[in-house]
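Quick notes on the structure that follows.
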Amino acid sequence: MTISAVRLVGIGPDDPSFAQWCGVWAAAELLDRPDEAPRPAPEHVVLGRELVGPGGSRGGTHRAALLGDDVVGALRLILPLRDNTTVAFVDLVVHPAHRRRGIGGELLAEALRLAAEAGRTELIAEVDEPVTDTAGRAFALRHGWTCDLLETRRDLVLPPDEAQLAAVEAEARQASAGYELVTWRGSVPDPLLDDRALLEQRMSTDAPHGDLPVEEERWDGRRVREIEAMNAARGRTVLAAGAVRDGRLVAFTELHVSVSRPEHARQGSTLVLREHRGHRLGALVKAATLRDLAAAFPHTRRITTYNAEDNLPMVAVNRALGFEPAGHLSMWSLRVGAGSRPG
Ligand SMILES: CC(C)(COP(=O)(O)OP(=O)(O)OC[C@H]1O[C@@H](n2cnc3c(N)ncnc32)[C@H](O)[C@@H]1OP(=O)(O)O)[C@@H](O)C(=O)NCCC(=O)NCCS
Numbered sequence: 001m002t003i004s005a006v007r008l009v010g011i012g013p014d015d016p017s018f019a020q021w022c023g024v025w026a027a028a029e030l031l032d033r034p035d036e037a038p039r040p041a042p043e044h045v046v047l048g049r050e051l052v053g054p055g056g057s058r059g060g061t062h063r064a065a066l067l068g069d070d071v072v073g074a075l076r077l078i079l080p081l082r083d084n085t086t087v088a089f090v091d092l093v094v095h096p097a098h099r100r101r102g103i104g105g106e107l108l109a110e111a112l113r114l115a116a117e118a119g120r121t122e123l124i125a126e127v128d129e130p131v132t133d134t135a136g137r138a139f140a141l142r143h144g145w146t147c148d149l150l151e152t153r154r155d156l157v158l159p160p161d162e163a164q165l166a167a168v169e170a171e172a173r174q175a176s177a178g179y180e181l182v183t184w185r186g187s188v189p190d191p192l193l194d195d196r197a198l199l200e201q202r203m204s205t206d207a208p209h210g211d212l213p214v215e216e217e218r219w220d221g222r223r224v225r226e227i228e229a230m231n232a233a234r235g236r237t238v239l240a241a242g243a244v245r246d247g248r249l250v251a252f253t254e255l256h257v258s259v260s261r262p263e264h265a266r267q268g269s270t271l272v273l274r275e276h277r278g279h280r281l282g283a284l285v286k287a288a289t290l291r292d293l294a295a296a297f298p299h300t301r302r303i304t305t306y307n308a309e310d311n312l313p314m315v316a317v318n319r320a321l322g323f324e325p326a327g328h329l330s331m332w333s334l335r336v337g338a339g340s341r342p343g
C-alpha cells in the first residue's frame, strides 16, 4: 500500500461510518492495554456532538483516514472556546494494522492545517505509555513536539484493603474537624454549584501542568451543568464527595463509572482550595467516594488515576489508599506560531 491510496475525509459523530472511526481507537487501546475494555463508542459520539454542536464551551472537528471504504486512522481536533483560544488539542490514532506507512503523518499535517485555519498557535496531544518507547512518543519526537508533562498512572485494585482505608479515614476525620463531608451522584446540589465551578477553575491553575502552554480556564455554574449533562449522555455516573465549611464547598473529588464498563472506574478531578489545605481534606473526600463506589458499584475492580510526580500531596494520598504505578501518560506540545515551525 502507498500513502496515496489513503484519503482524508471529514466525518461527524452521527455518520454511519463513525462506528468504524471509534473502532480504530478501540483497536489501538486494546493493543496497548489488552486486559482493559477500550473506551466505549458513546464516549466519542457524545463528545463529538458537543464539539460540532452550537453553544458548548468547546468546538472541534473530526477526520477519518480511509483506505477504500475502511477507516484506518482517526483525528479529532478540540478547540476550547471560552479560554485557551490559541490552543488546539489533537487526538490522533492509526489502526495497528496500518502503521508505519505515513498515515499518522498525513493526519498530523491535516491537524496542523485545521489548527492554523482556526487561528490556534499551540497544539497539545497526549500519549498513553503503558511501557517505555511507545510509538506515540517516537512519533511525537519525530515531528518535533516537546514533552511538557509526564504523569504517572496509578491503579487501585478493588476492594481496597479495609484496614488501610479505615486508617486513612480515621486520620482524615480527626484532622478535618469543623468541615462537613458531603457526597452526591451526578449533579452537584444547587447551593454548591458556584463553589464547584470555582474549584474546577482552580484545577486549571493549581494542578501541575508542567510546561504545557495552557492558561487559566473560565468556569461558571452553566459550564459545570454542561459537563454534567455530557457525562450523563456518555453513560457515566459521577460519584462525588466534598468538604463544606461555613456553607461553602472548599474541596471535592470525583469518580467516573461508565455504564458499559463498570468494572473500571476513572478518577476525575480532586482539589482542595489553597487556604483549606493541611486538614487531610483530600484524603477525606477520596475515602468517601471509595465507600460510595463500593455501595453503588460493588463489581468495580479497578480505579485509574493520573498524577504528576511533583504533586506530592496528591501522590501521598493515593499511595496511602493503596494505588500502585501502572505506566505513564505523557503530554506533548508543538508551538506553530511566531517563528516556530513543525519539525
Ligand atoms: C503514533 C501513531 C499515530 C503513528 O502512526 P503511523 O501511521 O504509524 O505514523 P507514520 O507512519 O506517519 O510515522 C511517522 C514517523 O514516526 C516515527 N514512528 C512512528 N511509529 C514508530 C514506532 N513504533 N517506533 C519508532 N518510530 C516510530 C517514525 O519516525 C516514523 O517514520 P518512519 O516510519 O519513516 O520511520 C500510531 O502509532 C498510533 O496510533 N499510536 C497510538 C496513539 C498515539 O500515541 N497517538 C499519538 C498522539 S501524538
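Numbering of the sequence shown is given in the UniProt record's numbering, commencing with residue 1 and proceeding in unit increments.
Beta carbons: idealized from backbone N, C-alpha and C, even for Gly.
Applying the criterion that 16 or more other CB atoms from any shown protein chain within 10 Å of the CB defines a buried residue, is residue i buried or exposed?
i: glutamine 267; result: buried
i: glutamate 110; result: buried
i: glycine 131; result: The identity of residue 131 in the sequence shown is valine, whereas the question assumes glycine. Result: exposed.
i: glutamate 200; result: buried
i: proline 34; result: exposed
i: glycine 73; result: buried
i: arginine 222; result: exposed
i: threonine 270; result: buried
i: histidine 279; result: buried
i: histidine 44; result: buried
i: glutamate 106; result: buried
i: proline 80; result: buried
Do you know how far the Cα of residue j is from the Cα of residue i?
i: leucine 77; j: threonine 183; result: 34 Å
i: alanine 115; j: valine 24; result: 22 Å
i: phenylalanine 323; j: glutamate 117; result: 43 Å
i: arginine 63; j: arginine 234; result: 21 Å
i: valine 94; j: valine 188; result: 38 Å
i: alanine 166; j: valine 244; result: 21 Å
i: residue 344; j: phenylalanine 18; result: Any question about residue 344 goes unanswered here, given that the chain covers just 1 to 343.
i: alanine 26; j: proline 42; result: 12 Å
i: proline 54; j: alanine 232; result: 19 Å
i: threonine 253; j: alanine 5; result: 48 Å
i: alanine 163; j: alanine 308; result: 27 Å
i: proline 313; j: valine 272; result: 11 Å
i: glutamate 215; j: valine 127; result: 21 Å
i: glycine 242; j: aspartate 148; result: 30 Å
i: aspartate 32; j: proline 38; result: 10 Å
i: leucine 150; j: glycine 144; result: 17 Å
i: arginine 236; j: glutamate 226; result: 14 Å
i: leucine 198; j: aspartate 220; result: 7 Å
i: leucine 75; j: arginine 319; result: 35 Å
i: glutamate 263; j: leucine 321; result: 19 Å
i: arginine 137; j: aspartate 310; result: 21 Å
i: alanine 125; j: valine 285; result: 30 Å
i: arginine 196; j: tyrosine 179; result: 16 Å
i: valine 142; j: leucine 108; result: Before going further, note that residue 142 is arginine rather than valine in the sequence given. Cα to Cα, arginine 142 sits roughly 12 Å from leucine 108.
i: alanine 326; j: alanine 296; result: 25 Å
Check residue i in the structure and name its three-state DSSP category.
i: aspartate 128; result: strand
i: tryptophan 184; result: strand
i: tryptophan 21; result: helix
i: threonine 300; result: coil
i: histidine 276; result: helix
i: serine 269; result: strand
i: serine 204; result: helix
i: leucine 212; result: coil
i: asparagine 311; result: coil
i: alanine 326; result: strand
i: threonine 61; result: strand
i: glycine 343; result: Residue placement at glycine 343 cannot be trusted, given a pLDDT of 38 that sits under 50; the coordinates are not used to answer.
i: glutamate 217; result: coil
Practice task
Could you tell me which uninterrupted beta strand (DSSP E) segments, each at least 3 residues in length, are contained entirely in the region 225-263, listed from first to last along the chain?
Solution key: Those beta strand (DSSP E) runs which fall completely within the region 225-263 and span 3+ residues are 236-245, 248-258.
Exercise for the section: Spell out a yes or no on whether the region 126-144 and the region 287-295 are touching, meaning 3 or more CB-CB pairs, one atom from each, closer than 8 Å. Expected result: no
Exercise for the section: Evaluate contact between the region 56-73 and the region 85-101, counting only Cβ atoms and requiring at least three cross-stretch pairs below 8 Å. Expected result: yes
Problem - Segments of 4+ residues assigned as alpha helix (DSSP H) that fall wholly inside the region 76-113 - result: none
Exercise for the section: Inspect the CB distances between the region 154-164 and the region 296-309 and report whether three or more fall short of 8 Å. Expected result: yes
Handout entry: Secondary structure, alpha helix (DSSP H): runs of 4+ residues fully inside the region 6-58
Key = 18-32, 41-52
Practice task
For the region 330-338 and the region 173-182, state whether three or more C-beta atom pairs, one from each stretch, are separated by less than 8 Å.
Solution key: Segments in contact, no.
Handout entry: Length-filtered (4 minimum) alpha helix (DSSP H) runs lying within the region 139-177
Key = Runs of the alpha helix (DSSP H) inside the region 139-177: 162-175.
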